[in-house]
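Novice: Taken in order, the sequence shown gives residues 1 to 329; the numbers are from my numbering.
All C-beta atoms, glycine included, are put in the ideal place defined by N, C-alpha and C.
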Amino acid sequence: MENKNLWVLALSEKGKLLDVSAEIISMARSLGKEMKEEVVALLIANENTEELAKEALSYGADKVCLVKGEEYDHYKTLPFTNVLDKMIEKYAPLAVFIPATANGRDLGGRISARRSLGLVADCIDVKSAKDSKTIDWVRPTFDGKLISTIRISTLPQVGTIGLGVFKKRLIENPKTEIFEEQISYEGPASGYSIIEHVEKKIPREKDLSQAKKVIGMGMGLKDPENFKIGQALAKELGASVGFSKPIIDKGWEPSQMQVGVTGKKLKSKLYFALGISGARQHTAGLKDVDVIIAVNNDKDAAIFDVAHYNVVADLFEFVPKLTEKLKNM
1 MENKNLWVLA LSEKGKLLDV SAEIISMARS LGKEMKEEVV ALLIANENTE
51 ELAKEALSYG ADKVCLVKGE EYDHYKTLPF TNVLDKMIEK YAPLAVFIPA
101 TANGRDLGGR ISARRSLGLV ADCIDVKSAK DSKTIDWVRP TFDGKLISTI
151 RISTLPQVGT IGLGVFKKRL IENPKTEIFE EQISYEGPAS GYSIIEHVEK
201 KIPREKDLSQ AKKVIGMGMG LKDPENFKIG QALAKELGAS VGFSKPIIDK
251 GWEPSQMQVG VTGKKLKSKL YFALGISGAR QHTAGLKDVD VIIAVNNDKD
301 AAIFDVAHYN VVADLFEFVP KLTEKLKNM
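Shown next as structure tokens:
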């Protein structure tokens, strides 16, 4: 069977389509036009399924494949993997796009291993190659220092994409085709049981993806004790605080505070980059920021290539003076 069409795993929670799912559908619509392929959104759910399907269509899906049942009331590794496996077997998609959420990453790895498929994780762009049937998957490598373009030799081509990489766009006159597949899960037990489901609420002031102003700190701060320098500036500006990936990797701050394509993508009005070198995985998460101000003592720092205002200075001298000026305004 010839592999055709672009499939998007449209993940949802509590009867609502995830923003990242909508973003990927919108991206796939544009890519599908270029590659002359239809976009099929795969919905696996048990709640509000008709509205979910209409929402997926409103963002550009040509069709929605709906798999519903009580076993799909929330994400479970083996049942969801089983559904995607059967859909790949039956419809032979050219590519499968999966949201890079915790559940999406789990499912992507599972389906890749089960079907011996290549998978590119945490992509920051996807493009059609010249032959129109191959996708160029773009992602950070070497701890964000390089950006690699990868082609997958197996079919379907599979990749995961995080929140904020693309923009969701509603379309006029959406398609209406919704078809159902009846798939029940009769495999082995998952190997675990859910004792309690606790929803983790991140305070809005700490949700960096929603923040209007953000102070970002990197390894130029040298020690967690020095984070108070950036925190003092944040207090004066009414800003949230974020950190570069190396700070998170050292365990100095929790992962939800990471700024970058593998962390939080910012849409803020203002971003201060303090002591941040400017690795590509970091700067790729800043493309929707209105104004970037970078402070670094290295005049050749890569962060200066994307910043709107560059300050070549010792941040330990400059930032406290700036904070004091703001206090006295």
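With H, G and I counted as helix, E and B as strand and the rest as coil, what does DSSP make of M1?
Specialist: Taking the first residue of the sequence shown as position 1, residue 1 is located at position 1. In the structure shown, M1 sits in coil (DSSP, three-state: anything other than H, G, I, E or B).
Novice: Is the beta carbon of V83 closer than 8 Å to that of I44?
Specialist: Within the sequence shown, residue 44 is the residue found at index 44, counting from 1. Within the sequence shown, residue 83 is the residue found at index 83, counting from 1. A contact, by the Cβ cut-off of 8 Å.
Novice: Taking the CB atoms as reference points, tell me whether D288 and K267 lie closer together than 8 Å.
Specialist: For the purposes of this step, residue 288 is taken as the residue at position 288 of the sequence shown. For the purposes of this step, residue 267 is taken as the residue at position 267 of the sequence shown. Cβ distance < 8 Å, so D288 and K267 count as in contact.
Novice: Quick one: Cα of V67 to Cα of L57, how far?
Specialist: Along the sequence shown, read from residue 1 onward, the residue named residue 67 stands at position 67. Along the sequence shown, read from residue 1 onward, the residue named residue 57 stands at position 57. Taking the straight line from one Cα to the other gives about 16 Å.
Novice: Please name the residue or residues paired with D136 in a DSSP beta bridge.
Specialist: Here residue 136 refers to the residue found at position 136 of the sequence shown. Note: D136 sits in a beta bridge opposite K127.
Novice: Give the C-beta separation of L11 and G104 to the nearest angstrom, bearing in mind that I take them to be a contact with Cβ-Cβ under 8 Å.
Specialist: Reading the sequence shown from its first residue, position 11 is the one you call residue 11. Reading the sequence shown from its first residue, position 104 is the one you call residue 104. Rounded, the Cβ-Cβ distance is 6 Å, consistent with contact.
Novice: I think K222 touches A239, with their Cβ atoms under 8 Å apart; what is that distance to the nearest whole Å?
Specialist: As a first step, residue 222 is located in the sequence shown; it is residue number 222 there, counting from the start. As a first step, residue 239 is located in the sequence shown; it is residue number 239 there, counting from the start. At roughly 21 Å, the Cβ-Cβ gap does not stay under 8 Å, so K222 and A239 are not in contact.
Novice: Compare the Cα-Cα distances from T283 to each of P99, L94, G108, P140 and report the closest residue.
Specialist: For the purposes of this step, residue 283 is taken as the residue at position 283 of the sequence shown. Among P99, L94, G108, P140, the Cα nearest to that of T283 is on P140.
Novice: From the DSSP output, in three-state form, read off V259 for me.
Specialist: Locating residue 259 in the sequence shown gives position 259, where the first residue counts as 1. Residue state, collapsed to three classes: strand.
Novice: Which of the three DSSP states, helix, strand or coil, is assigned to E205?
Specialist: Locating residue 205 in the sequence shown gives position 205, where the first residue counts as 1. Confidence in E205 is poor, its pLDDT being 48 and thus under 50, which makes the residue's placement too unreliable to answer from.
Novice: If I measure Cβ to Cβ from A313 and keep anything under 7 Å in the same chain, skipping five residues before and after, which residues do I get?
Specialist: Along the sequence shown, one-based indexing puts residue 313 at 313. Within the same chain, A313 has close Cβ partners V295, N297.
Novice: Which residue's Cα is closest to the Cα of G32: C65, K245, I183, L94?
Specialist: Here the question's residue 32 lines up with position 32 in the sequence shown. Minimum Cα distance to G32 is reached at L94.
Novice: Can F272 and G216 be called in contact, C-beta distance under 8 Å?
Specialist: The count along the sequence shown starts at 1 and reaches residue 272 at position 272. The count along the sequence shown starts at 1 and reaches residue 216 at position 216. Yes; because the gap between Cβ atoms is below 8 Å, this pair is in contact.
Novice: Between V20 and the rest of its own chain, which residues show a CB-CB distance below 6 Å, the 5 nearest in sequence each way excluded?
Specialist: On the sequence shown, residue 20 is found 20 positions in, with the first residue counted as 1. Answer for V20: P99, L163, listed in chain order.
Novice: According to DSSP, simplified to helix, strand and coil, what is T101?
Specialist: Here the question's residue 101 lines up with position 101 in the sequence shown. Looking at T101 - three-state DSSP - the assignment turns out to be coil, as it is neither helix nor strand.
Novice: Can you tell me whether N328 is buried or exposed? The criterion is at least 16 other CB atoms within 10 Å of its CB, across all chains shown.
Specialist: Start at 1 with the first residue of the sequence shown, and residue 328 comes out as number 328. Exposed is the call here.
Novice: Please report the residue range of the beta strand (DSSP E) in which A294 lies.
Specialist: Looking up residue 294 in the sequence shown gives position 294. Unbroken beta strand (DSSP E) run through A294: 291 to 296.
Novice: Just to confirm the assignment: which complete alpha helix (DSSP H) runs, minimum length 4, are found wholly within the region 16 to 66?
Specialist: Runs found: 19 to 35, 49 to 58.
Novice: Do the CB positions of L6 and E37 come within less than 8 Å of each other?
Specialist: On the sequence shown, position 6 is the one that residue 6 refers to. On the sequence shown, position 37 is the one that residue 37 refers to. Using a Cβ distance threshold of 8 Å, L6 and E37 count as a contacting pair.
Novice: Counting only beta-carbon atoms, is E51 nearer than 8 Å to chain B?
Specialist: The chain labelled as chain B is not found in the depicted structure, where only one protein chain is given.
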